[in-house]
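K.L.:
Residue numbers (the working numbering), protein chains in the order written: chain A, 1 to 114; chain B, 1001 to 1116.
In structure tokens, the structure reads:
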């Protein structure tokens, strides 16, 4: 158990819908990262937050947005969902922003868009 | 832009034998960090080993060790005395240290099969 929690574990929805994925980092970690892993693919970095502020952005679609709240949990919002958005979405956390300390991954949320 | 390449989509190893997974990367930075992550069937991402580019000594964690060749931009993972529990996808990852490169860049992964 990495200490990072993600809810829900599974999510099934229809095209055009909007969903919210939630992540709680490890106690004491200030950085949260979001990744997308499509079937049999590597991880694609989406976005990073540090202590409530956006710090780095990857290949995140405009239909996707995220935020980190004062209690440091983070939410990833996916809207106008398409079939191609079906994937495993990981959240990871680490202590710092700048130091390349270890990222600890949550168990992921499996999103299926029908 | 930085890239990470894992040229072996799949590898097999006999139980108790040694296997080496390859990873190459491209970067113009002189200081960076490299990681190997394991993803078993549970899909959980687990850190296996980490290497700081400024360190010449290769990192070692029990049965796992790396061969870090900075000039060649190569970062291979050696698994000794392979066990059935080592069967998983293995991802190589890069993290820079200059502004704008803090994100982790992952390779496409190598699926390791361990044969009993």
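Ideal placement from N, C-alpha and C gives every residue a C-beta, glycine not left out.
1) Do residue 1038 of chain B and residue 1049 of chain B count as a contact pair if the criterion is CB distance below 7 Å?
2) Please state if the CB of residue 1005 of chain B and the CB of residue 1020 of chain B are separated by a distance shorter than 7 Å.
3) Are the segment 1004-1018 of chain B and the segment 1071-1087 of chain B in contact at 8 Å, needing three or more beta carbon pairs?
4) Following the continuous beta strand (DSSP E) through residue 69 of chain A, name the residue where it begins and the one where it ends.
5) Using a Cβ cut-off of 7 Å (strictly closer), state whether residue 1068 of chain B contacts chain A.
6) From the DSSP output, read off the bridge partner residues of residue 10 of chain A.
7) Assign residue 1103 of chain B to buried or exposed, taking buried as 16 or more other Cβ atoms, counted over all protein chains shown, within 10 Å of its Cβ.
8) For a contact defined as C-beta to C-beta under 8 Å, what are the partners of residue 1108 of chain B on chain A?
9) Candidates B:1059, B:1083 and B:1026: which alpha carbon is nearest residue 1071 of chain B's?
10) Whole angstroms are fine: how far does the CA of residue 109 of chain A sit from the CA of residue 91 of chain A?
11) Any beta-carbon of chain B closer than 7 Å to the one on residue 56 of chain A?
12) Can you confirm whether residue 1025 of chain B, when its beta carbon is compared against all beta carbons of chain A, has any partner nearer than 7 Å?
13) Using a Cβ cut-off of 7 Å, pull out every chain A residue sitting near residue 1103 of chain B, in sequence order please.
14) Just to make sure I have the definition right: I need the residues of chain B whose C-beta is within less than 7 Å of the C-beta of residue 103 of chain A. Which are they?
15) Thinking C-beta only, is residue 19 of chain A closer than 7 Å to residue 118 of chain A?
16) Is any beta-carbon of chain A found at less than 7 Å from that of residue 1044 of chain B?
17) Helix, strand or coil for residue 165 of chain A, going by three-state DSSP, please let me know.
P.N.:
This is what the structure holds:
1) no
2) When the beta-carbon positions are compared, residue 1020 of chain B and residue 1005 of chain B stay at least 7 Å from each other.
3) yes
4) Careful: residue 69 of chain A lies outside any beta strand (DSSP E) and carries neither H nor E.
5) no
6) A:110
7) Buried, by the Cβ-count rule.
8) Chain-order list of chain A residues neighbouring residue 1108 of chain B: 41 and 42, by C-beta distance under 8 Å.
9) Taking only the C-alpha atoms, the option nearest residue 1071 of chain B is B:1026.
10) 9 Å
11) yes
12) no
13) 45, 48, 56 and 58
14) 1104
15) Nothing about residue 118 of chain A can be reported from this structure: the residues present for chain A run from 1 to 114 only.
16) yes
17) Given a span of 1 to 114 for chain A in the structure shown, any question on residue 165 of chain A remains unanswerable.
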